[in-house]
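Just so we're aligned, residue 1086 is where the sequence shown starts under our numbering, counting upward by one. What follows is a set of notes on a single structure, which appears directly below.
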Amino acid sequence: MSWLDSTVHRALVEAAMVGALGGVVGVFVIVRRLPFFTMALTHATFPGIVVAALLGLNLYLGGGLFGVLVVLAVVAFSRVRGQDFTSATGIALSGGFALGVVLVSSQDGFSKDLTAYTVGDVLAVSTGDLAITAGVALAVVLVLALVGKELLLAAFDPTGASALGLPTALLDFALLVLIEVTVVAVVPALGAILAVALLVGPAATARLLSDRLAVLFPVAAAIGVLCALAGVWVSSQWNIAAGASIALLVGLVFGLAFLGSAVRGRAARARAAGPAALPEEARA
């Protein structure tokens, strides 16, 4: 009997992979201020899910392919004069989701259950899901190894990147596709609604803990893995939704880091102010 034949073991492996993947890619989401785009992407891929359901295809494949079209649309809209990236994302979000609703409403008797896609269930992942997640993780690592520095330069200094002759439009497209495939890989575990938690929370928490870019990637990945594994354990022990458990733990860890950061900041300001910040009776 294979170790991966166990439901819990498969869930733990999937949780570890999506936690690390979400943490690493999430650093780019935070650096480029793309949380709204990430959330929009989870909803804008809905038409691809509906089409895949109608054709009897894999739901995640449908969502992934349509997601690439959404990314192309966002990049194209954002480069039109008078439009910014946020507006383009909003257009893609509303348009994509509306198209999905139209497709569903046009099909009399549409009965395909899309709960698995919208909510997810890490305890129900198959070995095929594990293979897909591993493939996505490998592809992400290869892309970051090849153009990771260029992506970071374009994120921090797009003007400088253009001056150096870098293809910023292509780099933007590559980054958005990385986010899109990561969202699709995370969906089986957390669902489309909660996938954004693993792509924003761990990286945002790491950002509170360190300002050094080289530290953000391993810290975010570690936070993502620990929260995902802990969420699976909580789910198996108390029979509650695994995706929601993971998302709640990510939020809890971020909240604790935020409070710790606020306390450290207040202490640092008090030290910088020196004795003048103390009450008169304390200085005497």
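Ideal Cβ positions, reconstructed from N, Cα and C, are used throughout, including at glycine.
- When rounded, the separation of the alpha-carbon atoms in Ala1305 and Gly1104 is 9 Å.
- Shortest Cα-Cα distance from Val1317 to any of Thr1253, Asp1242, Phe1302, Val1210 involves Val1210.
- Taking the C-beta atoms as reference points, Ala1282 is found no nearer than 9 Å to Leu1106.
- The beta carbon of Val1093 sits closer than 8 Å to the beta carbons of Leu1208, Val1317, Ser1321 from its chain, once the five residues preceding and following it are set aside; these are given in chain order.
- With 16 or more other CB atoms across the displayed protein chains lying within 10 angstroms of its CB, Asp1214 is buried.
- The continuous alpha helix (DSSP H) containing Thr1123 extends over residues 1120-1129.
- As the crow flies, the alpha-carbon of Ser1191 is around 28 Å from that of Val1266.
- A straight line joining the alpha-carbon of Thr1212 with that of Gly1205 spans about 16 Å.
- Contact annotation: Val1155 and Thr1130 have beta-carbon atoms nearer than 9 Å.
- Counting only runs of 4+ residues, the alpha helix (DSSP H) found wholly inside the region 1157-1243 occupies 1170-1191, 1200-1203, 1212-1241, in chain order.
- Cα atoms of Ala1183 and Ala1329: separation of roughly 26 Å, rounded to the nearest angstrom.
- One thing to note: Ala1239 has its Cβ no nearer than 9 Å to the Cβ of Leu1227.
- Separation of Gly1181 and Ala1100 (C-alpha to C-alpha, rounded to the nearest whole angstrom) is 28 Å.
- Looking at the backbone, the Cα of Leu1150 and that of Leu1298 are separated by about 31 Å.
- The residue among Val1285, Phe1170, Lys1234 with its C-alpha nearest the C-alpha of Ile1115 is Val1285.
- 9 Å or more divides the Cβ of Met1102 from the Cβ of Thr1290.
- Within the model, the alpha-carbon separation for Thr1174 versus Phe1122 is close to 6 Å.
- Secondary structure note for Leu1298: its alpha helix (DSSP H) is the uninterrupted segment 1298-1323.
- Secondary structure of Ser1247 (DSSP, three-state): helix.
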